[in-house]
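Numbering-wise, the working numbering comes out as the position in the sequence shown, counting from 1, plus 29. The beta carbon of each residue, even a glycine, is placed where N, CA and C say it ideally should be. For reference, the structure discussed in these notes is given below.
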Amino acid sequence: MLLADFSPAYVNALAGQFGFLGAFLGAISMTLFVTLLTLAKPALTMRISIGLAGFASLAFIVTAFYSAGVFSVSHPEAPGLSQPETIVFNFASVIVSFTLGIYALLGAIGTSGWSRSKPLGIALSVMAFVAAAFVSLAIF
Numbered sequence: 030m031l032l033a034d035f036s037p038a039y040v041n042a043l044a045g046q047f048g049f050l051g052a053f054l055g056a057i058s059m060t061l062f063v064t065l066l067t068l069a070k071p072a073l074t075m076r077i078s079i080g081l082a083g084f085a086s087l088a089f090i091v092t093a094f095y096s097a098g099v100f101s102v103s104h105p106e107a108p109g110l111s112q113p114e115t116i117v118f119n120f121a122s123v124i125v126s127f128t129l130g131i132y133a134l135l136g137a138i139g140t141s142g143w144s145r146s147k148p149l150g151i152a153l154s155v156m157a158f159v160a161a162a163f164v165s166l167a168i169f
């Protein structure tokens, strides 16, 4: 199905959910980013984890931003100022940035355990990989 097949009320509700999740997960990613940045050792895995957490927070900020755009123009009572192509582009930006943010956040969590111990690193990496597999099943 295409985005044009959905009612404006449904697109509006979906954009609202993505906006909420983007803001919420962006705050979690930023907290992880700052925590790792201040407490981390300069090991390679921690630099990777810090980079992934920072990327995730930025991706979720983009998600929230574009969700607000979709939300405002897809409301059933919104004035007809926006072109359908704009809504499709904004919604595609929401989906892409949200997906990238999820994978980056999972990667940051998966690599963060290696700074403490090998067993913790293995455990978190396996859990992050399993979570990424479930996310992939839901997306594709």
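Run through DSSP, which three-state label would residue i get?
i, result
"F47", "helix"
"R145", "coil"
"S36", "coil"
"A161", "helix"
"F169", "coil"
"E114", "helix"
"A107", "coil"
What's the gap between the Cα of residue i and the Cα of residue j?
i, j, result
"V40", "V102", "10 Å"
"S146", "L129", "27 Å"
"T64", "S86", "13 Å"
"S122", "G150", "32 Å"
"L61", "E114", "36 Å"
"L134", "G98", "24 Å"
"L54", "I131", "8 Å"
"A42", "F100", "8 Å"
Starting from residue i and walking both ways along the alpha helix (DSSP H), at which residues does that stretch end?
i, result
"A88", "73–103"
Around the C-beta of residue i, are 16 or more other C-beta atoms found within 10 angstroms, so that it is buried, or is it exposed?
i, result
"F120", "buried"
"S36", "exposed"
"I116", "buried"
"I168", "exposed"
"S165", "exposed"
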